[in-house]
Amino acid sequence: MQTDQKLLEPQQALWSYLDNLLQEIPRQPVSEPKPQVREQRPVRERPPVAPLRQEPKRLPAARPAPSERATPAPQPVTVPATMLPVPRKERPEWAQAEFQALVFSVGGLSLAVPLTSLNGVLKWPKEGITPMPNQPDWCYGLLRYRDQNVRVVNTAALVIPPDRPELMPTEPPRHLLVVDGGRWALSCNEIGDVLRLAPEQVKWRRYGGKRPWLAGTVLKHLCALIDTEAFAYMLAAKNG
Amino acid sequence: MSEQARRQEQGAITQWVTFHLDDEIYGINVLQVQEVLPMTEIAPVPGAPHFVLGIINLRGNVVTVIDTRMRFGLPSREPEPSSRIMVIEAGDQVAGMLVDSVAEVIEVRESEVDTAPSVGNDESARYIYGVVSRDNQLLILIDVNKVLTREEWQEVALL
Numbered sequence: 001m002q003t004d005q006k007l008l009e010p011q012q013a014l015w016s017y018l019d020n021l022l023q024e025i026p027r028q029p030v031s032e033p034k035p036q037v038r039e040q041r042p043v044r045e046r047p048p049v050a051p052l053r054q055e056p057k058r059l060p061a062a063r064p065a066p067s068e069r070a071t072p073a074p075q076p077v078t079v080p081a082t083m084l085p086v087p088r089k090e091r092p093e094w095a096q097a098e099f100q101a102l103v104f105s106v107g108g109l110s111l112a113v114p115l116t117s118l119n120g121v122l123k124w125p126k127e128g129i130t131p132m133p134n135q136p137d138w139c140y141g142l143l144r145y146r147d148q149n150v151r152v153v154n155t156a157a158l159v160i161p162p163d164r165p166e167l168m169p170t171e172p173p174r175h176l177l178v179v180d181g182g183r184w185a186l187s188c189n190e191i192g193d194v195l196r197l198a199p200e201q202v203k204w205r206r207y208g209g210k211r212p213w214l215a216g217t218v219l220k221h222l223c224a225l226i227d228t229e230a231f232a233y234m235l236a237a238k239n240g
Numbered sequence: 241m242s243e244q245a246r247r248q249e250q251g252a253i254t255q256w257v258t259f260h261l262d263d264e265i266y267g268i269n270v271l272q273v274q275e276v277l278p279m280t281e282i283a284p285v286p287g288a289p290h291f292v293l294g295i296i297n298l299r300g301n302v303v304t305v306i307d308t309r310m311r312f313g314l315p316s317r318e319p320e321p322s323s324r325i326m327v328i329e330a331g332d333q334v335a336g337m338l339v340d341s342v343a344e345v346i347e348v349r350e351s352e353v354d355t356a357p358s359v360g361n362d363e364s365a366r367y368i369y370g371v372v373s374r375d376n377q378l379l380i381l382i383d384v385n386k387v388l389t390r391e392e393w394q395e396v397a398l399l
């Protein structure tokens with residue numbers, strides 16, 4: 001019974017995390033040069049979002065339309081630099097029809113990456129990764145792969161929220177997933193199966209929100225589907 | 241293609257003094273390395289910048305010793321018998337760089353040098369000349385002129 005209780009708690013934590021991913025982010029007025037029609041949608045009732053820790057970056061204020069000048073201007077929402085908006089469709093192009101995705105795990109979190117976005121799957125090299133001077137915590141360093149210097153990313157540090165320490169890996173990564181044309185490699189602990197998915201089997205994220213790298217959630221397998229293009233965009237933005 | 245034409249295509253050959261910090265290997269252009277000294281007593285200088293370990297007496301001249309580990313974002317470590325002070329020239333400045341060990345001088349063709357992709361830090365991108373793949377390992381080439389900013393070099397000169 002105690003064992004069952006121990007198993008239940010991490011599982012509950014995982015379900016709670018995935019449940020949060022499936023819920024839409026509260027719509028707050030955002031001053032950004034986007035079509036005004038988006039700001040007219042009703043906002044659902046949901047619990048308040050905790051304030052972000054990182055240094056906020058102010059978005060340029062949008063010029064209000066003449067019809068809005070009579071109403072109080074919405075307060076601009078500051079967005080961290082790490083959450084630069086990614087112009088994306090509701091569903092990525094590779095997901096317009098049936099597609100295949102490779103499941104992998106990072107600590108206690110299951111993720112999936114579409115095969116069309118994958119350039120290679122490697123074992124963690126025996127000779128290790130070459131760390132670069134003053135590199136950030138989310139980066140392991142460089143790997144030489146097919147005549148390219150690939151930047152190896154600590155996936156856990158990027159996708160597991162700080163308030164979910166129980167999901168963090170307890171072992172060093174064992175595999176690398178090369179993406180974005182060989183520019184980046186995502187570290188992971190285990191490689192799983194390849195899934196053949198229909199678009200209807202995924203709950204798609206509509207807006208960038210807090211996790212621009214999240215394309216959606218595979219409902220049956222309870223794993224987060226990565227949008228590697230958005231992920232690479234986020235990494236490039238972090239790079240400055 | 242003649243041997244001469246092939247060599248011209250691959251670019252000039254430069255020599256680099258390689259050194260270690262932890263398990264990683266770095267290189268400095270041999271033309272910028274004046275000499276390599278065994279570890280010696282470094283006298284701390286009160287009020288010196290944080291990247292300066294202190295000064296040494298080199299044949300009557302004062303040479304400022306830079307904390308290379310700290311500069312590269314590595315944790316501090318007590319010097320060991322293998323530690324060395326590389327006396328380098330950066331423009332008209334001379335300084336020492338404390339490293340874990342000095343390895344060998346290697347030859348590098350310009351065509352072998354790859355631009356190092358940035359990994360999230362403009363500071364390091366400034367002084368990394370490039371990377372070279374050798375024996376399943378990446379060698380990081382350093383431009384000593386840029387290890388310190390102009391202002392930092394001026395601070396060193398005042399010590």
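Protein chains in written order, with the numbering used here: chain P, 1 to 240; chain R, 241 to 399.
Even for Gly, the Cβ is constructed at its ideal location relative to N, Cα and C.
- Within its own chain, the residues whose Cβ lies closer than 8 Å to the Cβ of L293(R), once the five positions on either side in sequence are excluded, are I282, P284, V305, I306, D307, L338, listed in chain order.
- Considering only C139(P), R146(P), E200(P), Y145(P), the residue with the shortest C-alpha distance to A156(P) is C139(P).
- N385(R) carries a helical assignment under DSSP once its states are collapsed to helix, strand and coil.
- E200(P) has its alpha-carbon roughly 57 Å from the corresponding atom of F291(R).
- Contact between the stretch 213–229 of chain P and the stretch 99–119 of chain P is established, with three or more Cβ pairs separated by less than 8 Å.
- Taking a cut-off of 8 Å on C-beta distances, the stretch 178–187 of chain P touches the stretch 147–161 of chain P, as three or more cross pairs fall below it.
- Contact check for G182(P) and Q148(P): beta-carbon distance about 5 Å, within the 8 Å limit, so the pair qualifies.
- Distances from the CA of R146(P) to each of P162(P), L167(P), V121(P) were compared; the closest alpha carbon is that of V121(P).
- Across the stretch 150–167 of chain P, CB contacts with chain R closer than 7 Å involve R151, in sequence order along the chain.
- Under the three-state reduction of DSSP output, P199(P) falls in the helix class.
- For the stretch 97–120 of chain P, no residue has a beta-carbon sitting nearer than 9 Å to a beta-carbon of chain R.
- W213(P) is positioned such that its CB atom lies closer than 8 Å to that of A230(P).
- Proximity of chain R to L122(P) at the Cβ level (cut-off 9 Å) is not reached, the minimal Cβ distance being about 14 Å.
- Under the three-state reduction of DSSP, A397(R) is assigned to helix.
- Between V342(R) and the set M279(R), A252(R), L271(R), V372(R), the nearest pair of CA atoms involves M279(R).
- Boundaries of the alpha helix (DSSP H) harbouring A156(P): 155–159, taken from the DSSP string.
- Put simply, the backbone Cα of Q377(R) is about 8 Å away from that of T130(P).
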